[in-house]
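Chemist: Here it is, the structure, as structure tokens.
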Amino acid sequence: MLNKPRITASDWLKKYLPERKIRHKKIIISKVFWVFLLTFFGLVPVGALYLIKDTALKRQIEDYTFGVYSSFWRNVPVGNLNVAFTLFGVTRETIDGWEQPSPRIRRDRLKDLVRIAVDGGATAVVLDVGLDGEEPGNNELYEYLASLNNPAGTPVFLVRDLLLDEPSRKEAGKAGGCRMARRTMFSALDSKMDSKTSQIHWVTATIGGNPRFLTAQYLTQYERVCTDTVPRITPSVFLAMSALIDANGNGPAETPAAALADLTEKLTKAVERHIPQDSFCSKEAPEPISLANGRTILLDQSPCRTGNWIRFTLPWLLEKGELPAMYGPDRVPVVDRKFIDDQTLKAQPSSQTMFRGRIVVIGAADQGSGDIKVTPLGWMPGTMVIINALHSQINLPEFRILDKKGILALELFISFLASVGAVFLAEFARRAFFVNAVIIVSCCVIIPGAAVYIWGAGLWMDVTAPAISAFIHHKILHAVLHRFRHRTHGASSPKPPLPAPAEVRPVTTSPEKADISTTQL
């Protein structure tokens, strides 16, 4: 049996209406359809956002959009280079040799790394090797740190490892909300650090992020740290560096020890007066703290505080273990690579001028270390996150978000360009210029304007552009994860036995390849 012919709406119009009326009906139907889309997908979401503006759902939406928004707007080019960095990438082998004696590995490498940086005139040394972890197997590093007594010398910052397990959280509640840290031999240096002439200082490097994106976004300004039941206010590494280096890249007028003691005193008093807010983005004005070097910091732990953001501008290629060429205005490498052998470690201080004026960061820098963070630029070790945070604080200008009027002006300008282009494209296809103009301008101008004043966010800046950025970052991160998993699976295969101890030879590289990377020890 043959199927009956299918009668469409077009066949029905041809049967009962003339050709001119058919064309007119189609135009009317299409315009009504576009007006319906404008109303439903434009005004309805804006009105819904207005109704939920003071609810928990609005807070969750802000949390989500903030992650996408920040991943787009914080990727900025390298600007003025006040201070450059040197990264000593300590491998797992060095840490094992530090904790467990081995004839193949010198146990005092970490001490010598700090020594050549201090004797070489570095601006500061950041030691991020888990000093609050397991008890080390020797005293070389401890004895050297205890011998540093020059208040005008290079400050050495020891990064605390804070405990995050459930028993530690319960102990923190008993101790007044402080973060617990395990007592080790380095805890005996606490009394030394209380002095205003101390050359060594505890700092924190607690990295916060968006829980939905699981990406590193900002550093907390301080932590309440407890090794027993007495909380101590410990500044973050970038806050301590702000007290050490002013906005022009100069050191403090007083000694580094006096500048850091001034920071600790003012920060402790401000924290006692500061009452944390429960809201995701508190509108309360943060408390300003004037430092001895002329900087003014705002005490605000909120993730919406732009001064705490890490603007990731220094990427890390995990699969190659090196940095791409990244230079400052004077062709100075932002992050330098030095191959340090045993002979260089034992050299005299007068021969070590490579670190003068640089911030030396010592810590794990390979995927086997376990200290790997996910960032908007892909995976990178925690030491590189610290360098990006310090680079954002010292070398880049403060990032400021536009107010509602500024966002609206930019939104309307982008909308004007988009609407003009859309109108001309629509006019090229059809001749209903006026109707197309009304619909397109309504979509591109009225809705962004309403979104800015009702919700405080822009359609182009907070939705369209971050969506494109998130897609690009997703593709990059997917490629990095694919390479990382491939290398991980390959590394799980049986390895040949280690060779006999051999003489350590210095690694030489061509000038083209020795510009920027890390020290592998």
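Start counting the sequence shown at 52; every next residue gets the next number (our numbering). We put the CB at the ideal spot given by N, CA and C, even for glycine. Bear in mind the structure is a predicted one, so any value in this text is a computation, not a measurement.
Thr205: buried (16+ other C-beta within 10 angstroms of its C-beta) or exposed?
Modeler: Along the sequence shown, read from residue 1 onward, the residue named residue 205 stands at position 154. With 16 or more Cβ atoms within 10 Å of its Cβ, Thr205 is classed as buried.
Chemist: Quick one: what does DSSP say Glu305 is sitting in, helix, strand or coil?
Modeler: As a working mapping, residue 305 is identified with position 254 in the sequence shown. Coil.
Chemist: Run through DSSP, which three-state label would Asp212 get?
Modeler: Taking the first residue of the sequence shown as 1, we reach residue 212 at position 161. It is coil, neither helix nor strand.
Chemist: Please state the DSSP three-state secondary structure of Pro375.
Modeler: Residue 375 sits at position 324 when you count from the first residue of the sequence shown. Because Pro375 sits at a pLDDT of 49, beneath the cut-off of 50, its placement in the model cannot be relied upon, and the following sentence gives the value as read from the coordinates. Note: Pro375 maps to coil in three-state DSSP.
Chemist: How many whole angstroms separate the CB atoms of Ile348 and Asn133, which I take to be in contact at a CB cut-off of 8 Å?
Modeler: Start at 1 with the first residue of the sequence shown, and residue 348 comes out as number 297. Start at 1 with the first residue of the sequence shown, and residue 133 comes out as number 82. The pair is not a contact, with the Cβ atoms about 17 Å apart (cut-off 8 Å).
Chemist: Spell out the partners DSSP gives Val177 in its beta bridges.
Modeler: Reading the sequence shown from its first residue, position 126 is the one you call residue 177. According to DSSP, Val177 shares a beta bridge with Phe208, Val412.
Chemist: Report all residues from its chain with a CB closer than 7 Å to the CB of Lys317; omit the five preceding and five following residues, and keep chain order.
Modeler: Taking the sequence shown and counting its residues from 1, one reaches residue 317 at position 266. Taken in chain order, the residues that qualify are Ile340.
Chemist: Within 10 angstroms of its Cβ, does Pro432 collect 16 or more other Cβ (buried), or is it exposed?
Modeler: On the sequence shown, residue 432 is found 381 positions in, with the first residue counted as 1. When all chains shown are included, Pro432 counts as buried.
Chemist: Look at the Cβ atom of Val276, then the Cβ atom of Ala232, and state whether they are nearer than 7 Å.
Modeler: Position 225 of the sequence shown, counted from the start, is the residue given in the question as residue 276. Position 181 of the sequence shown, counted from the start, is the residue given in the question as residue 232. The beta carbons of Val276 and Ala232 sit closer together than 7 Å.
Chemist: Report yes if the CB atom of Ile284 is closer than 7 Å to the CB atom of Tyr273, and no otherwise.
Modeler: Locating residue 284 in the sequence shown gives position 233, where the first residue counts as 1. Locating residue 273 in the sequence shown gives position 222, where the first residue counts as 1. Yes.
Chemist: Cα separation between Phe289 and Asp313?
Modeler: Position 238 of the sequence shown holds residue 289. Position 262 of the sequence shown holds residue 313. Taking the straight line from one Cα to the other gives about 15 Å.
Chemist: At which residues does the beta strand (DSSP E) containing Phe237 begin and terminate?
Modeler: Looking up residue 237 in the sequence shown gives position 186. Neither: Phe237 is in no beta strand (DSSP E) and is coded neither H nor E.
Chemist: Helix, strand or coil: how does DSSP classify Ser293 here?
Modeler: On the sequence shown, position 242 is the one that residue 293 refers to. Note: Ser293 maps to helix in three-state DSSP.
Chemist: Can you list, in chain order, the residues of its chain whose CB lies under 6 Å from that of Met52, leaving out five sequence neighbours each side?
Modeler: For the purposes of this step, residue 52 is identified with residue 1 of the sequence shown, where counting begins at 1. Because the pLDDT at Met52 is just 48, under 50, the model does not fix this residue reliably, and the value given afterwards should be weighed accordingly. Result list for Met52: empty, nothing under 6 Å.
Chemist: For Leu196, which of Arg346, Ser287, His252, Asp422 has the nearest alpha-carbon?
Modeler: Along the sequence shown, read from residue 1 onward, the residue named residue 196 stands at position 145. Measuring from the Cα of Leu196, the nearest candidate turns out to be His252.
Chemist: State the DSSP-derived secondary structure class of Lys424, mapped to helix, strand or coil.
Modeler: The sequence position of residue 424 within the sequence shown is 373, counting from 1. DSSP, reduced to helix, strand and coil, places Lys424 within a strand of the structure shown.
Chemist: Just verifying my parser: in three-state terms, what is the DSSP assignment at Ser246?
Modeler: For the purposes of this step, residue 246 is identified with residue 195 of the sequence shown, where counting begins at 1. Coil, per DSSP.
Chemist: Under 8 Å by Cβ, that's how I've got Thr271 and Ser287 pegged, so tell me the actual separation to the nearest angstrom.
Modeler: One-based indexing of the sequence shown puts residue 271 at position 220. One-based indexing of the sequence shown puts residue 287 at position 236. Confirmed, Cβ separation roughly 6 Å.
Chemist: Let me check understanding here. Comparing Cα to Cα, which of Thr137, Asp212, Ala107 lies closest to Thr255?
Modeler: Position 204 of the sequence shown, counted from the first residue, corresponds to residue 255. Taking only the C-alpha atoms, the option nearest Thr255 is Asp212.
Chemist: Would you kindly check if the distance between the Cβ of Val176 and the Cβ of Ala168 is under 7 Å?
Modeler: Position 117 of the sequence shown, counted from the first residue, corresponds to residue 168. Position 125 of the sequence shown, counted from the first residue, corresponds to residue 176. Going by C-beta atoms, Ala168 is nearer than 7 Å to Val176.
Chemist: Let me confirm a value: Met435 is counted as buried when at least 16 other C-beta atoms fall within 10 Å, else exposed. Which label applies?
Modeler: One-based indexing of the sequence shown puts residue 435 at position 384. When all chains shown are included, Met435 counts as buried.
Chemist: Thr426 to Phe363, Cα distance in whole Å?
Modeler: As a first step, residue 426 is located in the sequence shown; it is residue number 375 there, counting from the start. As a first step, residue 363 is located in the sequence shown; it is residue number 312 there, counting from the start. Spanning the two alpha carbons is a distance of roughly 8 Å.
Chemist: Consult DSSP for Val134 and reduce its assignment to one of helix, strand or coil.
Modeler: Along the sequence shown, read from residue 1 onward, the residue named residue 134 stands at position 83. Coil.
Chemist: Would you mind sorting Leu108 into buried or exposed? The rule is 16 or more other CB atoms within 10 Å of its CB.
Modeler: The sequence position of residue 108 within the sequence shown is 57, counting from 1. Under this definition Leu108 is an exposed residue.
Chemist: Given Val165, which residues of its chain have a CB within under 8 Å of its CB, disregarding the five upstream and five downstream residues?
Modeler: Counted from its first residue, the sequence shown places residue 165 at position 114. Answer for Val165: Val176, Leu178, Leu192, Tyr195, Leu196, Val207, Ile413, listed in chain order.
Chemist: Is it true that the CB of Trp430 sits closer than 7 Å to the CB of Ile423?
Modeler: The sequence position of residue 423 within the sequence shown is 372, counting from 1. The sequence position of residue 430 within the sequence shown is 379, counting from 1. Taking 7 Å as the Cβ cut-off, Ile423 and Trp430 qualify as a contacting pair.
Chemist: Quick one: residues in its chain with C-beta nearer than 8 Å to the C-beta of Leu199, no 5 flanking neighbours on either side, listed in chain order?
Modeler: Here the question's residue 199 lines up with position 148 in the sequence shown. Excluding sequence neighbours, Leu199 sits near Val169, Val207, Gln250, Ile251.
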